[in-house]
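I have placed the structure first, in the form of structure tokens, so that the comments after it can refer back to it.
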Amino acid sequence: MGIGQKGISMSLLLALLYPIAIQGTRGGLWYLLLPITIVAWAVDVIANYTELALLTWDFPRKGEHTFSTRCLRLIKQDGWAGFVGRKTQTFCNFFYKGHI
Numbered sequence: 130m131g132i133g134q135k136g137i138s139m140s141l142l143l144a145l146l147y148p149i150a151i152q153g154t155r156g157g158l159w160y161l162l163l164p165i166t167i168v169a170w171a172v173d174v175i176a177n178y179t180e181l182a183l184l185t186w187d188f189p190r191k192g193e194h195t196f197s198t199r200c201l202r203l204i205k206q207d208g209w210a211g212f213v214g215r216k217t218q219t220f221c222n223f224f225y226k227g228h229i
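For the sequence shown, the working numbering assigns the number 130 to the initial residue and increments by one for each residue that follows.
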């Protein structure tokens with residue numbers, strides 16, 4: 130059974146992993162969280178090309194491998210895709226200022 134079949138979407142899993150994974154970039158003993166960061170990055174890439182592409186109905190362009198990279202473009206748009214991008218920006222920047 131895949132993650133989606135168990136009732137947990139990849140975007141929800143990414144939202145849960147992000148606050149922990151981003152701490153791995155702080156240095157020091159936070160490097161112990163790098164395995165979680167690698168898992169979160171893989172989930173981010175997969176979700177960006179599948180679930181989040183369908184949610185926003187906007188598909189990644191060349192070089193937009195992660196959803197946070199694609200958000201830089203989405204936050205400038207009107208409509209649903211822009212709304213999702215701005216909400217994601219607010220969420221990510223709460224944990225890591227200036228990430229998006």
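Positions of the beta carbon are idealized from the N, C-alpha and C atoms, including for glycine.
Beta carbon of residue i nearer than 8 Å to that of residue j
i, j, result
"residue 196", "residue 171", "no"
"residue 229", "residue 184", "no"
"residue 187", "residue 143", "no"
"residue 150", "residue 141", "no"
"residue 180", "residue 138", "yes"
Cα-Cα separation between residue i and residue j, rounded to whole angstroms
i, j, result
"residue 136", "residue 168", "With a pLDDT of only 49 at residue 136, under the threshold of 50, the placement of this residue in the model should not be trusted, and no figure is reported."
"residue 204", "residue 210", "8 Å"
"residue 130", "residue 148", "With a pLDDT of 44 at residue 130, under the threshold of 50, the modelled position of this residue cannot be trusted; read the value that follows with caution. If I take the Cα positions, the gap works out to 26 Å."
"residue 165", "residue 208", "33 Å"
"residue 190", "residue 199", "8 Å"
"residue 212", "residue 223", "17 Å"
TODO: Could I get the ranges of all uninterrupted alpha helix (DSSP H) runs contained in the segment 146-221, with 4 residues as the minimum, in chain order?
DONE: 163-178, 180-185 and 196-203
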